[in-house]
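Its first residue numbered 1231, the sequence shown is counted upward by one per residue in this note's numbering.
To start, the structure under review is shown below, and the notes come after it.
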Amino acid sequence: MHPQIDEIVRQLIARKKFVFLCTNALLVSKHIDKFKPSPYFAWVVHIDGLRERHDESVCKDGVFDEAVEAIRELKRRGFTVNTNTTVFNTDTPQTVIDVLSYLNDDLGIDQMQISPAYAYEKAPDQDHFLGVTETRELFKKAFAGGNRKRWRLNHSPLFLDFLEGKTDFGCTAWGIPSYSLLGWQKPCYLMSDGYVKTYRELIETTDWDSYGRGKDPRCANCMAHCGYEPSAVLATMGSLRQSIRAIGG
Ligand code: SF4
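Here it is as structure tokens:
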């Protein structure tokens, strides 16, 4: 929707920055001619489930079909297309398997991201967010039978271990910070405890030790990738065995 999004993308690519442009894909057909494929550029299309589940999740019929159509056109034009799927407690291991297998096998998505939904304080429907135990059980079942290895998931092995309860981490919210017109958001994009002008100010003026599960009640059920994928990456880099595992995919 940003009127200069194509220019923002072009300028970042010119500086050799990797751009993952997140979209629900509804405006892709209108703006597709403004973009060119690049090794530094990937579309990330939000898909929460197969047709019925996705349309229900975004509260609008027809969105799933439009997103699939856009993905096919982007792939036809040679773009890298990734997806992001949010998992709610209305999901079952089978609905997760169905959507990820469809994206992986039928649409040929390059890489897929998954995240348990975060229970926003202001979200009207607080009943549909997963608790930590539910999240672990759901992913453990969904990943079984070789699915985890077969799907092209864009996550470190340790983050996937974390999702299915094989390991646990503290939150590293500064690792995937959020910047918008308002500034750098404290402490992460899921909570807004204020905004500052620079990343240095964000790092230096946020009390990072006061966030995460067991420290802030708002973090109690959070297993979102913005907080815990950086923790998994730091743990990977601190271990030769985990580094070799991550390279092996
Ligand atoms: S646990 Fe971390 S990522 Fe999750 S809401 Fe709290 S600060 Fe944000």
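Even for Gly, the Cβ is constructed at its ideal location relative to N, Cα and C.
Neighbourhood of residue i by C-beta, 6 Å cutoff - its chain only, sequence neighbours within 5 removed
i, result
"LEU1412", "TYR1425"
"PHE1294", "ARG1281, HIS1284, ASP1285"
"LEU1360", "ASN1319, PRO1346"
"VAL1274", "PHE1250, CYS1252, ASN1312, ASN1314"
Spatial distance of residue i from residue j (CA atoms)
i, j, result
"ASP1194", "MET1453", "Within the shown structure, residues of the chain are numbered from 1231 to 1479, placing residue 1194 beyond reach of any answer."
"GLU1434", "VAL1249", "26 Å"
"HIS1332", "HIS1455", "It is Tyr, not His, that sits at residue 1332 in the sequence shown. When rounded, the distance between both Cα atoms is 22 Å."
"GLN1241", "GLY1478", "33 Å"
"SER1386", "ILE1474", "11 Å"
"GLY1376", "VAL1326", "14 Å"
"MET1231", "LYS1266", "18 Å"
"SER1287", "LEU1464", "33 Å"
"SER1268", "THR1363", "40 Å"
"GLY1279", "VAL1317", "9 Å"
"LEU1337", "LYS1371", "23 Å"
"ARG1443", "SER1259", "41 Å"
"SER1469", "GLU1394", "20 Å"
"LEU1257", "ARG1471", "43 Å"
"LYS1396", "HIS1261", "43 Å"
Residue i, buried or exposed, once every other Cβ within 10 Å from all chains shown has been counted against 16
i, result
"THR1365", "buried"
"ARG1380", "exposed"
"LEU1368", "buried"
"THR1466", "buried"
"VAL1289", "Note that residue 1289 corresponds to Cys in the displayed sequence, not to Val. Per the 10 Å Cβ criterion, exposed."
"GLN1343", "buried"
"THR1322", "exposed"
"ARG1378", "buried"
"ASP1174", "The structure shown does not extend to residue 1174, since the chain is modelled only from 1231 through 1479, so no value can be given for it."
"ALA1349", "buried"
"LEU1388", "buried"
"LEU1304", "buried"
"ALA1462", "buried"
Contacting residues, own chain, Cβ-Cβ under 7 Å from residue i (five flanking each side not counted)
i, result
"PRO1460", "THR1402, GLY1405, ILE1406"
"ILE1277", "HIS1284, ALA1297, THR1313, THR1315, VAL1329, LEU1333"
"MET1421", "ARG1448"
"TYR1458", "PHE1389, PHE1392, PHE1399, CYS1401"
Beta-carbon contacts of residue i that lie in its chain and below 8 Å, excluding the five residues immediately before and after
i, result
"TRP1414", "PRO1407, SER1408, TYR1425, VAL1426, LYS1427, THR1428, TYR1429, GLU1431, LEU1432"
"VAL1239", "VAL1249, LEU1251, PHE1265, PHE1271"
"ASP1291", "ASP1285"
Query raised in the report: Which parts of the segment 1362–1398 are runs of the alpha helix (DSSP H), unbroken and 4 residues or longer, counting only runs that do not cross its ends?
Result: Runs of the alpha helix (DSSP H) inside the segment 1362–1398: 1362–1373, 1377–1380, 1387–1393.
Query raised in the report: Does the pairing of the segment 1356–1373 with the segment 1300–1313 give three or more beta-carbon distances under 8 Å?
Result: no
Query - alpha helix (DSSP H) runs contained entirely in the segment 1294–1362, provided each spans 4 or more residues - result: Within the segment 1294–1362, the complete alpha helix (DSSP H) segments at least 4 residues long are 1323–1331, listed from N- to C-terminus.
Query raised in the report: If you scan the segment 1397–1455 from start to end, which runs of the alpha helix (DSSP H) of 4 or more residues do you find wholly inside it?
Result: 1429–1435
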